[in-house]
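Colleague: Please find one structure pasted underneath; my questions will follow.
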Amino acid sequence: MTVQYLHGLETIELDSPSGPVETVKSNVIGLVGTAPDADPDIFPLNTPVPVFADALKAGQLKSTGTLLDAVDAIYSQKSAVIVVTRVAEGETQEESWSSAVGSPSGKTGIWSLLKARPMLRVVPKLLVAPGLTGGRPTNGVKNLVIGDQGSNYVLATTNITIQTPPTGGRQAKAVAQVVGGKLTGAIITDPGYGYTDIPTVTITGAGAGASVTATLGHVANPVGVAFASIVDRLRAVAFLDGPGTSYEDAVEYRQDYGSQRISIIDPGVLSWDTENSVYVQKPASAYAAGIQARVDEERGFWYTFSNELIQNIGGPSRPVDFMPNDRDCEANMLNAAQVTTVIHDDGFRFWGVRGTGTDPLWAHLSVRRTADMVYESLERAERSRMDKPFSLQLLADIQLDVNSYLRLLRSRGALIGGKCWIDANINTPATFAAGELSVDFDLEPPALLEHLQFRARRNPQYYVDFIEEFNRSVATNG
Numbered sequence: 001m002t003v004q005y006l007h008g009l010e011t012i013e014l015d016s017p018s019g020p021v022e023t024v025k026s027n028v029i030g031l032v033g034t035a036p037d038a039d040p041d042i043f044p045l046n047t048p049v050p051v052f053a054d055a056l057k058a059g060q061l062k063s064t065g066t067l068l069d070a071v072d073a074i075y076s077q078k079s080a081v082i083v084v085t086r087v088a089e090g091e092t093q094e095e096s097w098s099s100a101v102g103s104p105s106g107k108t109g110i111w112s113l114l115k116a117r118p119m120l121r122v123v124p125k126l127l128v129a130p131g132l133t134g135g136r137p138t139n140g141v142k143n144l145v146i147g148d149q150g151s152n153y154v155l156a157t158t159n160i161t162i163q164t165p166p167t168g169g170r171q172a173k174a175v176a177q178v179v180g181g182k183l184t185g186a187i188i189t190d191p192g193y194g195y196t197d198i199p200t201v202t203i204t205g206a207g208a209g210a211s212v213t214a215t216l217g218h219v220a221n222p223v224g225v226a227f228a229s230i231v232d233r234l235r236a237v238a239f240l241d242g243p244g245t246s247y248e249d250a251v252e253y254r255q256d257y258g259s260q261r262i263s264i265i266d267p268g269v270l271s272w273d274t275e276n277s278v279y280v281q282k283p284a285s286a287y288a289a290g291i292q293a294r295v296d297e298e299r300g301f302w303y304t305f306s307n308e309l310i311q312n313i314g315g316p317s318r319p320v321d322f323m324p325n326d327r328d329c330e331a332n333m334l335n336a337a338q339v340t341t342v343i344h345d346d347g348f349r350f351w352g353v354r355g356t357g358t359d360p361l362w363a364h365l366s367v368r369r370t371a372d373m374v375y376e377s378l379e380r381a382e383r384s385r386m387d388k389p390f391s392l393q394l395l396a397d398i399q400l401d402v403n404s405y406l407r408l409l410r411s412r413g414a415l416i417g418g419k420c421w422i423d424a425n426i427n428t429p430a431t432f433a434a435g436e437l438s439v440d441f442d443l444e445p446p447a448l449l450e451h452l453q454f455r456a457r458r459n460p461q462y463y464v465d466f467i468e469e470f471n472r473s474v475a476t477n478g
């Protein structure tokens, strides 16, 4: 009821109760790559562009660069919604990496995918950059060694600057650790790449006397690192291509990441080149994204691309030893190291379901994705509640919405269970007065069956039945 004076009658139309919670679209693919001959009016640089099941539009990417091959790989599994970001192709691999990495402040390269929601009203949830994530720079700053710790340093004013590499490279960055006025450590925040000589390390700020020496070596793929920086913000997962050379290289590549939302795939696949009429090696990440997009649509986001047939390939780019009961086969060893691989078992399949995180409760990529979809769906659904005055009905409606959605997901198999409650110990007069409300809920996404064990044993007692059956047959025939 309003508070204005009225001597008479009126009708007030009240807010309708919130409708059922709608699940966000989980299978939008965010694709970053090069296409130097693409129509710039259709595919401007560093701009997310939607590509649906439109072969003519996709064809405007032209055949050079990485994008058209990736779109073909995705569509060979099934048509999907793809958000394409075209980046400039450099004269060297390092320059192409730099274009793909882009700028967080300028929202270029990988970071342009953050513009998809305001521009296109979709959020990419499956991120790939085939052809740009498989290599590891051999000329980045791998380590910083403290020579002399110096004295009188102050953490707030101490800066470490690593010399800029030659044109086409990326400057490495580091931050200082200061304890008791001494420089006790230098933490690499960006290893950079493209160095031809050991770079000079300069220490500035209060204090004097410290020295730091850099060493060069293999460092993380910069495009993969950029993906790792945005997957949490988008609640997306990124499929990164491993080096595709050997088991040892794949495991070393995997050690560069520690995110529940990053999946490493090694090796690549063989795809038929129609121009040269021969199988050629291609990155596997686009095929994985295409399969996951199809599985999301046909079964649900709580299913995974692992153990699904890969269409339109001739096999893995290198053979991977696989036996389903062999703990020491290469496929199982790769999976144990959190690397998804490609096996041959009644066709060619992806094999492996784990991200690169360290928390065993969130080891399965599908579990992480399921929780992400629930969180984002609830946040979007309850947005209409914002800026409404507190009332008992408001609290009851929010709790009802959440519980109804969790029950719906349980009935569909997306959750084992879940419930919502409002904790009186957390929500106090002070928090209500400040306009804050905390709503608790738990949920349990279904884990995946990774290890099926059959327990077999001999049972000689079956001979009793055997002898009895024999005796009956003799008596009958006698």
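Residue numbers (the UniProt record's numbering): 1 to 478. Every residue, glycine too, gets a C-beta built ideally from N, C-alpha and C. Computed from a predicted structure; not experimentally measured.
Name the two residues that bound the continuous beta strand (DSSP E) containing Ala208.
Modeller: Its beta strand (DSSP E) spans residues Ala208 to Gly217.
Colleague: Report the three-state DSSP secondary structure of Glu10 (helix, strand or coil).
Modeller: coil
Colleague: Considering just the uninterrupted stretch of the alpha helix (DSSP H) at Asn332, what are its terminal residues?
Modeller: Glu330 to Ala336
Colleague: Three Cβ pairs or more, each shorter than 8 Å: is that satisfied between the region 255-270 and the region 323-333?
Modeller: no
Colleague: How do the region 123-132 and the region 226-242 stand: do at least 3 beta-carbon pairs fall below 8 Å, yes or no?
Modeller: yes
Colleague: Counting only runs that start and end within the region 75-132, where is the beta strand (DSSP E) found for 3 or more residues in a row?
Modeller: With a minimum length of 3 residues, the continuous beta strand (DSSP E) runs that stay inside the region 75-132 are 82-87 and 126-128.
Colleague: What alpha helix (DSSP H) runs, 4 residues minimum, are completely inside the UniProt domain "Tail sheath protein C-terminal" (358-456)?
Modeller: 365-381, 392-412 and 429-433
Colleague: Could you spell out where the beta strand (DSSP E) holding Thr304 opens and where it closes?
Modeller: Per DSSP, Thr304 belongs to no beta strand (DSSP E) and is neither H nor E.
Colleague: With C-beta atoms as the reference, is Ala236 less than 7 Å away from Gly242?
Modeller: no
Colleague: One question on the structure: do Val320 and Phe305 come within less than 7 Å of each other, judged by their Cβ atoms?
Modeller: no
Colleague: Please go through the same chain and pick out, in chain order, the residues whose beta-carbon is closer than 7 Å to the beta-carbon of Gly147, but skip the five residues on each side of it.
Modeller: Ser211, Val212 and Thr213, listed in sequence order.
Colleague: According to DSSP, which residues form a beta bridge with Asp296?
Modeller: The partner list for Asp296 (beta bridge, DSSP) is empty, contrary to what the question assumes.
Colleague: Quickly, what does DSSP pair Asp273 with across the bridge? List them, please.
Modeller: Val278
Colleague: Name the DSSP bridge partner or partners of Asn143?
Modeller: Thr215
Colleague: What residues match up with Gln149 in a beta bridge as DSSP calls it?
Modeller: Ala210
Colleague: Between the region 109-125 and the region 173-190, can you find at least three pairs of beta-carbon atoms closer than 8 Å?
Modeller: The answer is no - the region 109-125 does not touch the region 173-190, with fewer than three Cβ pairs under 8 Å.
Colleague: What's the gap between the Cα of Asp465 and the Cα of Ala456?
Modeller: 20 Å
Colleague: What three-state label does DSSP hand residue 498 in the structure shown?
Modeller: Past the edges of the chain, shown from 1 to 478, lies residue 498, and the structure says nothing about it.
Colleague: Work out the CA separation of Tyr462 and Val474 for me, nearest whole Å.
Modeller: 19 Å
Colleague: Among Glu95, Gln163, Gly181 and Gly290, which has the Cα closest to the Cα of Thr200?
Modeller: Gln163
Colleague: For the beta strand (DSSP E) holding Asn159, just list the boundary residues, first then last.
Modeller: Asn159 to Ile162
Colleague: Are the CB atoms of Thr341 and Gly352 nearer to each other than 7 Å?
Modeller: Against a cut-off of 7 Å, the Cβ pair of Gly352 and Thr341 comes out as a contact.
Colleague: Compare the Cα-Cα distances from Ile262 to each of Ser285, Thr431 and Glu275 and report the closest residue.
Modeller: Here the closest residue by C-alpha is Ser285.
Colleague: Report the residue from Pro20, Val231, Leu120 and Asp39 whose alpha carbon sits nearest the alpha carbon of Ile110.
Modeller: Selected option, being the one with the closest Cα: Val231.
Colleague: Indicate the three-state DSSP secondary structure (helix, strand or coil) for Phe227 in the structure shown.
Modeller: Note: Phe227 maps to helix in three-state DSSP.
Colleague: For Arg354, which residues of its own chain have a beta-carbon under 6 Å away from its beta-carbon, when the five flanking residues on both sides are left out?
Modeller: Gln338 and Ala363
Colleague: From Asp397 to Ile291, what distance separates their C-alpha atoms?
Modeller: Counting only the Cα atoms, Ile291 lies some 38 Å from Asp397.
Colleague: Hey, would you say Thr138 sits closer than 7 Å to Asn221, going by beta carbons?
Modeller: no
Colleague: To the nearest whole angstrom, what separates the beta carbons of Ser418 and Glu376, a pair I think is in contact under 8 Å?
Modeller: Note that residue 418 corresponds to Gly in the displayed sequence, not to Ser. Contact flag wrong, Cβ pair sits at about 15 Å.
Colleague: Does Tyr5 pass the burial test, meaning 16 or more other C-beta atoms within 10 Å, or should it be called exposed?
Modeller: exposed
Colleague: Just mark Arg368 as buried or exposed, buried being the case when its beta carbon has 16 or more other beta carbons within 10 Å.
Modeller: buried
Colleague: Going by DSSP, name the residue or residues bridged to Ile343.
Modeller: Arg349
Colleague: If you measure between the beta carbons of Leu415 and Leu409, is that distance less than 7 Å?
Modeller: Yes, they are a contact pair.
Colleague: Count the other CB atoms within 10 Å of the CB of Ile426; is the residue buried (16 or more) or exposed (fewer)?
Modeller: exposed
Colleague: Going by the beta-carbon positions, is the gap between Ile313 and Val280 smaller than 7 Å?
Modeller: no
Colleague: What does the Cβ neighbour count give for Ala186, buried or exposed, with the cut at 16 atoms within 10 Å?
Modeller: buried
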